[in-house]
Amino acid sequence: MKKEEERATSERAARSEFAERRRGGEPEASAKSGERRRTPGRRATDAIAPIDVQDAFVALTDGILIVDSHGKIASANPAAFRILGEDRLRGQKFEELLLVSGATTVQETRGHRVRRAWFPREDRMGVLEIVSTTLGQRGWLHTVRDVTAQAELLRLKEDFLLQVAHELRTPIAALTATLDLLYDDALTMSRDALGSMVSTLRRSALRLEHLVENLLDAGSIEAGTFQVRAMPTSVRQSLQDALVFVQPLLDSKRQEIVTQLHAESDRVLADQRRTSQVLANLIANASKYSPEETKITVSSATREGFVRITIADEGPGIPADEQTRLFQRFFRSREVRDQAGGLGLGLTICRAIVHAQGGEIGIESAPGRGTSVHFTLPKARQLTEEAATE
Ligand SMILES: Nc1ncnc2c1ncn2[C@@H]1O[C@H](COP(=O)(O)OP(=O)(O)OP(=O)(O)O)[C@@H](O)[C@H]1O
Ligand SMILES: [Mg+2]
Numbered sequence: 028m029k030k031e032e033e034r035a036t037s038e039r040a041a042r043s044e045f046a047e048r049r050r051g052g053e054p055e056a057s058a059k060s061g062e063r064r065r066t067p068g069r070r071a072t073d074a075i076a077p078i079d080v081q082d083a084f085v086a087l088t089d090g091i092l093i094v095d096s097h098g099k100i101a102s103a104n105p106a107a108f109r110i111l112g113e114d115r116l117r118g119q120k121f122e123e124l125l126l127v128s129g130a131t132t133v134q135e136t137r138g139h140r141v142r143r144a145w146f147p148r149e150d151r152m153g154v155l156e157i158v159s160t161t162l163g164q165r166g167w168l169h170t171v172r173d174v175t176a177q178a179e180l181l182r183l184k185e186d187f188l189l190q191v192a193h194e195l196r197t198p199i200a201a202l203t204a205t206l207d208l209l210y211d212d213a214l215t216m217s218r219d220a221l222g223s224m225v226s227t228l229r230r231s232a233l234r235l236e237h238l239v240e241n242l243l244d245a246g247s248i249e250a251g252t253f254q255v256r257a258m259p260t261s262v263r264q265s266l267q268d269a270l271v272f273v274q275p276l277l278d279s280k281r282q283e284i285v286t287q288l289h290a291e292s293d294r295v296l297a298d299q300r301r302t303s304q305v306l307a308n309l310i311a312n313a314s315k316y317s318p319e320e321t322k323i324t325v326s327s328a329t330r331e332g333f334v335r336i337t338i339a340d341e342g343p344g345i346p347a348d349e350q351t352r353l354f355q356r357f358f359r360s361r362e363v364r365d366q367a368g369g370l371g372l373g374l375t376i377c378r379a380i381v382h383a384q385g386g387e388i389g390i391e392s393a394p395g396r397g398t399s400v401h402f403t404l405p406k407a408r409q410l411t412e413e414a415a416t417e
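Under this note's numbering, the residue at position 201 of the sequence shown is numbered 228, and the numbers go up by one with no gaps.
Here it is in structure tokens:
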């Protein structure tokens, strides 16, 4: 009973101090509580004072509300006013407030309940977590926390997992269906039919490889462990390697690659595998987002110690307001999202590779006028010079 009284007294003190602070004055209780902390006999240097309830109550970033046994909000700290809005709290019953917000219970044990509710934030709707603990006869203590950022992160993660699963499903389905056909009829099939089956298998396997590589690279870029090994490399060779990956894609849409590569802009200082990965990603985009039977041009030019490679397509182009976001992880344009699959990682990875090699990457595009993506690589010395010094 004594404890009960003590608690009630300290709560009353906290309320009056908080009211005082809200009026802008210095709390009258602080001198007293200061005295209380200096217990006789305790050395000031090593003593840890008990926490000052009032200060903690005011400083907390979580909102705290005490609701009496009639459901009326008896007291609230500044964070509660900030999160829920002072006007909404005044004269309100807390449970009615939650009812309006459509709160749902996510966890419940005896005397303890966790709920989530929507609530209006300054800019948009947010998610609130309400943890309620019974105070017995005296009502309830509610803690309210703005968990909008965590909820959004969770949703993004779930969306991403769904998207990955969706992206994996298409090539896996093609692999199993084709393998089933081969298993049944391989021995009686014509050479042409067999050839087309094998090319489907190859396309699906390459798509899986591309997806997994992109996922792993995106992970290492995020973790800061992404590395490139630059050495004298041929642009033409990098393009050949890239075409091994993307040719099946181009063939399936009857698209043609036109190359305008100049001998003097062939030698660059770059990681060959990574450079062909950039080319493969950019040509795959040009193919994926353009109609059938269109042309994709890959050209090169030398400028101020750099080789500039451009991949131009005859596709739909990208709206101006979206162009600044293309290199963001997971960003996919609303124009093409539903037409072609993808995770929104390709350009992020291209940019990381190009920057790691000392170059820059950019996009010029206009709706209806195609897209042109360029990147630069440091020019390497000529082959003859290299051979002489090797
Ligand atoms: N050549 C292009 N034409 C039109 N839109 C493009 C082109 N290249 C990229 N985009 C737009 O930029 C977005 C991001 O491209 P990015 O390559 O990063 O991802 P993705 O192609 O969607 O998926 P992923 O490359 O991970 O398979 C695309 O979703 C598309 O909206
Ligand atoms: Mg892409």
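All C-beta atoms in this analysis are idealised placements derived from N, C-alpha and C, irrespective of residue type, glycine included.
Candidates the options: which alpha carbon is nearest residue i's?
i: G419; options: R364, T88, R335 and E362; result: Residue coverage of the chain in this structure runs from 28 to 417, which leaves residue 419 outside it and unanswerable.
i: L353; options: L270, T329, I376 and I323; result: I376
i: V133; options: L124, R143 and V127; result: R143
i: G251; options: M258, A257 and L243; result: L243
i: L404; options: L306, G397 and P343; result: L306
i: D340; options: Q355, R396 and G385; result: R396
i: E156; options: F187, L111, L162 and R229; result: L111
i: G163; options: L181, H139, D219 and L372; result: H139
i: G118; options: S102, T131 and R151; result: S102
i: V400; options: T160, L296 and L374; result: L374
i: T175; options: L168, L183 and H169; result: L183
i: G385; options: K322, L296 and R364; result: L296
i: A407; options: L206, L181 and E331; result: E331
i: T170; options: F108, Q366 and G342; result: F108
i: R229; options: Q177, D207 and F272; result: F272
i: R364; options: D82, D114, E194 and T88; result: E194
Under DSSP, the alpha helix (DSSP H) around residue i begins and ends at which residues?
i: M152; result: Careful: M152 lies outside any alpha helix (DSSP H), inside the beta strand (DSSP E) at M152 to T161.
i: A178; result: T175 to D212
i: P105; result: P105 to L111
i: L126; result: F121 to V127
i: A347; result: A347 to Q350
i: V381; result: G373 to A383
Within the continuous beta strand (DSSP E) that includes residue i, where are the two ends?
i: K315; result: Looking at the DSSP string, K315 is not in any beta strand (DSSP E); the run it does join, the alpha helix (DSSP H), is Q299 to K315.
i: G389; result: I388 to S392
i: M224; result: Taken as a continuous stretch (DSSP letters only), M224 belongs to no beta strand (DSSP E), being part of the alpha helix (DSSP H) at R218 to A250.
i: S327; result: K322 to R330
i: T260; result: M258 to S261
i: T403; result: T398 to P405
i: I78; result: Taken as a continuous stretch (DSSP letters only), I78 belongs to no beta strand (DSSP E), as it is neither H nor E.
i: H139; result: H139 to P147
i: L92; result: G90 to V94
i: V255; result: V255 -> no beta strand (DSSP E), and no H or E assigned at all.
i: R281; result: No beta strand (DSSP E) holds R281; DSSP gives it neither H nor E.
i: T215; result: Looking at the DSSP string, T215 is not in any beta strand (DSSP E), and its letter there is neither H nor E.
i: Q164; result: Looking at the DSSP string, Q164 is not in any beta strand (DSSP E), and its letter there is neither H nor E.
How long is the line joining the alpha carbons of residue i and residue j, rounded to whole angstroms?
i: L288; j: S265; result: 12 Å
i: R165; j: R148; result: 31 Å
i: M216; j: L370; result: 36 Å
i: A328; j: P394; result: 26 Å
i: A106; j: I100; result: 14 Å
i: E135; j: V141; result: 6 Å
i: E240; j: L189; result: 18 Å
i: G344; j: R281; result: 20 Å
i: E179; j: D173; result: 12 Å
i: V154; j: F146; result: 6 Å
i: T203; j: G222; result: 17 Å
i: A486; j: E391; result: Past the boundaries of the shown model lies residue 486; the chain is included only from 28 to 417, so the question cannot be answered.
i: R294; j: V285; result: 20 Å
i: Q267; j: Q350; result: 29 Å
i: P77; j: A86; result: 16 Å
i: Y316; j: V127; result: 45 Å
i: D219; j: A213; result: 12 Å
i: I75; j: I248; result: 45 Å
i: D73; j: T161; result: 36 Å
i: E320; j: T398; result: 16 Å
i: S226; j: D186; result: 31 Å
i: I323; j: F402; result: 16 Å
i: D207; j: M224; result: 11 Å
i: S60; j: Q355; result: With a pLDDT of only 44 at S60, under the threshold of 50, the placement of this residue in the model should not be trusted; the figure read from the coordinates follows. Approximately 53 Å between the Cα atoms of the pair.
i: I338; j: Y210; result: 40 Å
i: G98; j: M152; result: 25 Å
i: A192; j: L238; result: 11 Å
Does any C-beta atom of chain B lie closer than 8 Å to the C-beta of residue i?
i: V191; result: Protein chains in the displayed structure number just one, and chain B is not present.
Exercise answer, beta-carbon shell around ligand 2 heavy atoms below 6 Å:
Taking each Cβ in turn, the ones that pass are N308, A311, N312, G369 and G373.
Check whether the stretch 191–206 touches the stretch 225–237, taking contact to mean three or more Cβ pairs, one atom from each stretch, closer than 8 Å.
Three or more Cβ pairs closer than 8 Å define a contact, and the stretch 191–206 meets that threshold against the stretch 225–237.
Cβ pair count under 8 Å reaching 3, the stretch 120–129 against the stretch 86–102
The way I'd put it, the stretch 120–129 does touch the stretch 86–102; three or more beta-carbon pairs between them come closer than 8 Å.
Check whether the stretch 256–263 and the stretch 294–307 touch, using three or more Cβ-Cβ pairs below 8 Å as the test.
Counting Cβ pairs under 8 Å, three or more are found: they touch.
Validate contact between the stretch 316–330 and the stretch 278–292 using beta carbons, cut 8 Å, 3 pairs:
Segment contact: the stretch 316–330 against the stretch 278–292, three or more CB-CB distances shorter than 8 Å; contact assigned.
For the structure I just gave you, are there three or more beta carbon pairs, one from the stretch 380–387 and one from the stretch 360–367, closer than 8 Å?
Touching, no, given that fewer than three Cβ pairs across the two stretches are closer than 8 Å.
Counting beta carbon pairs with one atom in the stretch 273–281 and one in the stretch 308–319, are three or more of them shorter than 8 Å?
Yes, the stretch 308–319 touches the stretch 273–281.
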